[in-house]
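Please read the structure below before turning to the comments.
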Amino acid sequence: MIKNFKWLLFASLAFVACNNDDEVMIDSTSSDGKPITSGSAIVTKYIAVGDSYAAGFSDNALFKLGQEGSYANIISQQFALAGGGEFKTPLMADNVGGLLLGGNAIFVPRLFFNGTAPVAVTGSSTTEVTNKLTGTFNNLGVPGAKSYHLLSPGYGSVAGIGAGTANPYFVRFASSNTTTVIADAVAQDATFFSLWIGGNDVLVYATSGGSGINRTGNMNPATYANNDITDPTVFANTYSNIINALTAKGAKGVVANIPYITALPFFTTVPYNPVALTAPAAAQLNSGYASYNGGLQAMVNAGLLTAAEATRRTINFQAGANAVVIVDSYLTDRSSFGIPSYRHATAEDLMVLTSRTFIGTLVGGNPAAVNGVSVPLADNWVLSKEEVAEVKVATDAYNATIKSIADAKGLAFVELKAVTDKLATPAGIVYNGYTTTSTFVTGGMFSLDGVHPSPRGYAIIANQFLEAINAKYNSNFKNVNVGKYRILYPAAL
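Residue numbers 88 to 580, in my numbering, belong to the letters of the sequence shown in order.
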């Protein structure tokens with residue numbers, strides 16, 4: 088009896104021991120349940136190079152909580168689970184946003200949604216540009232930077248701010264007045280980097296309606312010293328030099344391409360035909376444009392204008408919804424004959440977001456002078472179809488360069504253009520059961536400036552980067568749960 092009992096006990100212990108040997112441990116921090124690994128990537132020293140997106144710019148400002156929620160910071164948190172080191176960010180002094188230069192405000196506070204419209208938060212910035220931060224920083228995202236700015240000496244010199252050759256954000260943490268962003272990056276001997284640059288090379292041109300007028304509020308004035316689209320050849324040479332510098336000591340990394348910025352809410356929110364008119368109002372406006380229309384026909388009769396272009400330029404209002412009237416510099420110039428370059432906007436033209444509070448306003452309080460109706464919108468309020476095409480051609484060229492260099496250098500590549508295209512559809516993209524689209528305010532992807540991501544948007548971008556890193560380097564970093572990231576920041580933080 089006792090012998091049988093002992094035998095049963097030993098058998099039981101052997102069974103338990105066998106189960107313990109065969110037990111599979113699940114790592115909840117990885118994408119596949121296996122022990123988390125960075126694969127062939129070495130993430131012990133990670134730096135992020137880029138523009139406002141890398142910095143965490145949101146709601147038309149840079150502020151502490153936004154910086155902490157940048158895609159770069161989210162990536163660094165996942166890297167930390169696989170041996171990644173400290174990720175230092177040149178934090179702003181508050182959550183108000185804005186900047187001071189010599190005590191004077193040069194940028195305005197961030198926006199919040201008051202239930203009706205985006206408005207500025209109360210309070211004043213306490214971030215003074217001349218209060219230089221010391222030490223090195225892993226997050227080298229500089230709001231407003233174009234590709235070639237990363238290689239520009241003096242971009243961090245306070246003396247260059249007034250002339251538009253320096254960037255106030257970089258001035259705060261540049262290692263010296265003569266350094267470059269890439270020089271400060273290379274000096275850190277990083278083992279891994281992320282690079283997302285090129286958006287501002289077309290964005291500045293587009294947000295100004297191709298006119299050079301800055302209507303985004305807090306974009307760096309240095310970018311408006313030259314608002315033209317960066318020549319694709321210049322971009323290619325610049326991008327190659329940047330990558331060569333970042334990989335010179337064997338660092339691996341991930342790069343991303345440039346979405347069509349014309350798909351951003353900044354360009355898709357305001358309709359081209361918001362003018363609702365009664366029949367009498369339409370007739371009255373048509374009488375005001377009668378001489379202009381007559382002049383077009385006279386140009387056709389004189390052989391100075393084609394009939395097709397005259398038709399395109401004819402202003403004709405009717406009862407119901409009407410397109411705004413715009414000034415279009417791409418039309419045949421007949422101003423010497425007293426014929427201005429007016430036409431109705433079409434669905435191929437994009438109204439900039441800031442035009443939503445301008446269209447329909449009165450000039451000097453005169454009820455007969457209505458902006459966008461009886462007074463045509465100037466070029467800075469609209470990105471014409473020709474300008475849209477220019478932006479797309481340049482973007483395609485940039486992306487060809489980025490993909491080619493990424494392949495040649497063996498870098499992970501993030502296809503963000505395809506993501507943005509999906510966001511523009513009603514179906515959007517789905518993460519963790521949450522559908523996210525590019526719809527202004529309510530879509531969840533973009534913040535209230537219509538250009539930069541929301542907290543959830545940055546989380547989605549971080550996931551795209553992590554997926555590309557996993558695919559290239561055989562790592563298994565887990566996506567973050569986007570449901571834990573809010574759609575909009577509240578007034579008080």
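Just so you know, even glycine gets a beta-carbon here, dropped at the ideal spot from N, CA and C.
Model, not experiment: these values are computed from the prediction.
Collapsing the DSSP output to three states places F150 in coil. Here the region 260-275 does not lie against the region 117-126, with fewer than 3 beta-carbon pairs under 8 Å apart. Inside the region 375-427, DSSP marks whole alpha helix (DSSP H) runs of 4 or more residues at positions 377-388 and 394-400, from first to last along the chain.
Secondary structure note for T522: it is in no alpha helix (DSSP H), and the uninterrupted beta strand (DSSP E) holding it is Y521 to T523.
DSSP, read as helix, strand or coil, puts V208 in coil.
For V528, the three-state secondary structure derived from DSSP is coil.
Nearest in C-alpha terms to L383, of all of I426, A261 and V412, is I426. The beta carbons of L152 and Y576 sit about 7 Å from each other, so the pair counts as a contact at 8 Å.
The alpha-carbon of Y326 is positioned some 10 Å away from that of L237. Here the region 383-397 does not lie against the region 336-348, with fewer than 3 beta-carbon pairs under 8 Å apart. By DSSP's assignment, F353 forms no beta bridge with any residue.
Between the C-alpha atoms of G340 and I516 there is a straight-line separation of about 26 Å.
Here the region 268-279 lies against the region 220-230, with 3 or more beta-carbon pairs under 8 Å apart. Take Y133, set aside five residues on each side of it, and the residues of its chain with a beta-carbon closer than 8 Å to its own are I162, S163, F166, G171, G172, F174, N225, A277, T278, F279, F280 and S281, in chain order. Rounded to the nearest angstrom, the gap between the Cα atoms of E477 and S471 is 10 Å. Here the region 372-379 does not lie against the region 524-535, with fewer than 3 beta-carbon pairs under 8 Å apart. Distance from the Cα of V475 is smallest, within the candidate group L553, S125, G520 and M438, for M438.
Excluding five sequence positions before and after A406, the CB atoms of its chain that fall closer than 7 Å to its own CB belong to L364, T365, A366 and A369, given in chain order. In the three-state scheme derived from DSSP, where H, G and I count as helix and E and B as strand, F199 is classed as strand. At the C-beta level, F322 and S234 come within 8 Å of one another. One alpha carbon belongs to V342, the other to F199, and they sit about 31 Å apart. K339 sits in a strand when the DSSP states are folded into three classes. About 6 Å separates the Cβ atoms of A142 and S157, confirming a contact at the 8 Å cut-off. A residue is called buried once 16 or more other Cβ atoms fall within 10 Å of its Cβ, and S416, having fewer, is exposed. One thing to note: L220 has its Cβ no nearer than 8 Å to the Cβ of F353. Between the alpha carbons of V291 and V480 lies a gap of roughly 15 Å. Rounded to the nearest angstrom, the Cβ distance from F194 to G202 is 25 Å, too far for a contact under 8 Å.
Within the same chain, G243 come within 6 Å of A261 by CB-CB distance, once the 5 residues on both sides are set aside. Residue nearest to N147 within the set I123, N191, A207 and V130 is A207 (criterion: CA-CA distance). Looking only at A487, N254, S239 and T214, the smallest Cα-Cα distance to F150 is reached by T214.
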